[in-house]
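Letter by letter, the sequence shown follows residues 66 to 284 of the working numbering.
From the three backbone atoms N, C-alpha and C, an ideal C-beta is built for every residue, glycine too.
Worksheet: the structure to be examined is printed underneath.
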Amino acid sequence: MKAITTTETINVSQTESVSIANDIVDTKYKIKEICTYFKYVGPINLNKMVDLWQTAYYQASQKVPCFKMFIRKLTMKEKQFYKQKYGDFDDAVEWEDCNLEIKSSLEIKKHFLQGCEKGHGVLENIIPTEKNNKTSNYILKPESPDQWLVVQNLLLMRDCDTGDVIVFSRVPHKPRKEIIIAALKIFGENSWEGKFICGDQPPIKKKTIEVEEVTEDTL
66 MKAITTTETI
76 NVSQTESVSI
86 ANDIVDTKYK
96 IKEICTYFKY
106 VGPINLNKMV
116 DLWQTAYYQA
126 SQKVPCFKMF
136 IRKLTMKEKQ
146 FYKQKYGDFD
156 DAVEWEDCNL
166 EIKSSLEIKK
176 HFLQGCEKGH
186 GVLENIIPTE
196 KNNKTSNYIL
206 KPESPDQWLV
216 VQNLLLMRDC
226 DTGDVIVFSR
236 VPHKPRKEII
246 IAALKIFGEN
256 SWEGKFICGD
266 QPPIKKKTIE
276 VEEVTEDTL
């Protein structure tokens, strides 16, 4: 077998680097088709999103209140249940790909996140709503996708249509401004002229949240 020379090794390394760079450009181009303000910051681990979070910072055109949200993983049984209950909305929703559910103190409607780790943090918001009080038919609430990223005890979210950014802190952590700014830089932001919120709130005692299996009675 012919030995690989130093020059050949360098050439292989350069070829791999070019290939990786091309893959990144190709990924950015494809994702930007559905997420205008997408910034390549690496992959996301969906499991790390599962927790109780509270708003800590935002830079947006509209005021964001201090609120909490709980993100949990959906079981396969739950996905099948919701597929039967809501349908696929003319192939707009693939319930097998809806891996997370958000429960917020601001929203009583069911809210799911569709997408996987291959989407580099870009997840679609699936919010089924009833047409009116007289029918059991459901429609999807119009909602743009968001790009998410977990940085230690912070969860960052960027609106794909507006570029607005919200930073959540993992309860009961109370992050310093320097920590939030450092995370914003990782998220591709070069400005942090937004507002820090919830800082004057008393510490939250984290409670154990039991995830019940979905049945007809629990919906």
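For residue i and residue j, I'd like the C-alpha separation in whole angstroms.
| i | j | result |
| --- | --- | --- |
| Ile96 | Tyr102 | 10 Å |
| Lys138 | Gln179 | 11 Å |
| Asp153 | Glu159 | 7 Å |
| Gly186 | Asn202 | 31 Å |
| Asp224 | Val232 | 12 Å |
| Lys133 | Gln217 | 18 Å |
| Ala86 | Glu195 | With a pLDDT of 40 at Ala86, under the threshold of 50, the predicted position of this residue should be treated as unreliable, though the coordinate-derived value follows. Going by the C-alpha atoms only, they are around 45 Å apart. |
| Trp118 | Asp155 | 33 Å |
| Lys240 | Leu219 | Per the sequence presented here, residue 240 reads as Pro, with Lys not at that position. Going from the Cα of Pro240 to the Cα of Leu219 covers about 8 Å. |
| Glu166 | Met114 | 10 Å |
| Gly253 | Gly107 | 11 Å |
| Asp88 | Leu249 | Confidence is the limiting factor: at Asp88 the pLDDT is only 45, short of 50, which leaves the residue's position unreliable, though a coordinate-based value still follows. Whole-angstrom Cα-Cα distance: 24 Å. |
| Glu98 | Ile204 | 24 Å |
| Arg235 | Phe177 | 19 Å |
| Lys242 | Phe146 | 42 Å |
| Ile251 | Ile244 | 11 Å |
Determine the burial state of residue i: buried for a count of at least 16 other Cβ atoms within 10 Å of its Cβ, exposed for fewer.
| i | result |
| --- | --- |
| Gln149 | exposed |
| Gln127 | exposed |
| Ala157 | exposed |
| Met141 | exposed |
| Ile136 | buried |
| Ile109 | buried |
| Ile226 | Per the sequence shown, residue 226 should be read as Asp rather than Ile. Looking at its Cβ environment, which holds fewer than 16 other Cβ atoms inside 10 Å, Asp226 is exposed. |
| Ile191 | buried |
| Gly184 | buried |
Among the options, which has the Cα closest to the Cα of residue i?
| i | options | result |
| --- | --- | --- |
| Ser209 | Met222, Ile245, Glu143 and Leu249 | Met222 |
| Lys174 | Ala157, Pro130, Tyr151 and Glu159 | Tyr151 |
| Asp116 | Pro130, Lys168, Ala125 and Ile99 | Lys168 |
| Glu143 | Phe135, Asn164 and Ala248 | Asn164 |
| Pro193 | His238, Pro237 and Glu172 | Glu172 |
| Ser256 | Pro237, Gly228 and His176 | Gly228 |
| Pro130 | Trp213, Asn218 and Ser170 | Ser170 |
| Ile246 | Tyr122, Asn110, Gln212 and Ile191 | Tyr122 |
| Cys100 | Phe146, Leu188, Tyr147 and Leu111 | Leu188 |
| Cys181 | Leu220, Asp162 and Ile191 | Asp162 |
| Thr120 | Pro237, Phe252 and Lys104 | Pro237 |
| Asn261 | Val230, Phe252, Tyr147 and Gln145 | Note on residue identity: the sequence assigns Phe, not Asn, to residue 261. It is Val230 whose Cα lies nearest to the Cα of Phe261. |
| Lys104 | Arg235, Leu214 and Lys242 | Leu214 |
| Ile111 | Phe146, Glu243, Ile244 and Gln212 | A small correction: the amino acid at residue 111 is Leu; Ile does not occupy that position in the sequence shown. Ranking Phe146, Glu243, Ile244 and Gln212 by Cα distance to Leu111 puts Gln212 first. |
Mind checking which residues open and close the beta strand (DSSP E) that includes residue i?
| i | result |
| --- | --- |
| Ala248 | From DSSP, Ala248 is part of no beta strand (DSSP E) but of the alpha helix (DSSP H) over Lys242 to Ile251. |
| Lys138 | Lys133 to Lys138 |
| Ile167 | Cys163 to Ser169 |
| Asp211 | Asp211 to Val216 |
| Trp118 | Asp116 to Gln124 |
| Asn112 | Segment: none, Asn112 is in no beta strand (DSSP E) and carries neither H nor E. |
| Gln179 | Phe177 to Gln179 |
| Val187 | Val187 to Ile191 |
| Ser234 | Val230 to Arg235 |
| Asp224 | Leu219 to Asp224 |
Taking residue i as part of the alpha helix (DSSP H), name the residues at either end of that continuous run.
| i | result |
| --- | --- |
| Tyr147 | Met141 to Tyr151 |
List the whole-angstrom C-beta distance separating residue i from residue j, where the pair is believed to meet the contact cut-off of C-beta under 8 Å.
| i | j | result |
| --- | --- | --- |
| Gln124 | Gly264 | Not quite, the Cβ-Cβ distance comes to about 16 Å (not below 8 Å), so this is no contact. |
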